[in-house]
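A short worksheet on the structure shown next.
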Amino acid sequence: MAEITGVRSELVARFKREIKEKTYKVKSEEIADKIAQRLKEDAAITESVKQGRWTG
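With the working numbering applied, the sequence shown covers 49 to 104.
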């Protein structure tokens, strides 16, 4: 895995260990906040496209 650019091997190893040991905690509130933020951003982009203002 270390040969893949951008992979943080120590972080991957930590997650694997925590999952195996059943100590990994899902941060559901943080995940929900990120999903909500992404939906807001997508809605803003969609509205901009509809109004012909999107330049991205």
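Don't be surprised by glycine CBs; every beta carbon is placed ideally from N, CA and C.
If you're wondering where the values come from, they're calculated on a predicted model, not measured in any experiment.
Between residue 72 and residue 66, the beta carbon gap of about 4 angstroms places them in contact (Cβ cut-off 8 angstroms). In the structure shown, the three-state DSSP call for residue 60 is helix. In the three-state DSSP reduction, residue 71 falls in the coil class, being neither helix nor strand.
Per DSSP, residue 52 lies in no alpha helix (DSSP H) and is assigned neither H nor E.
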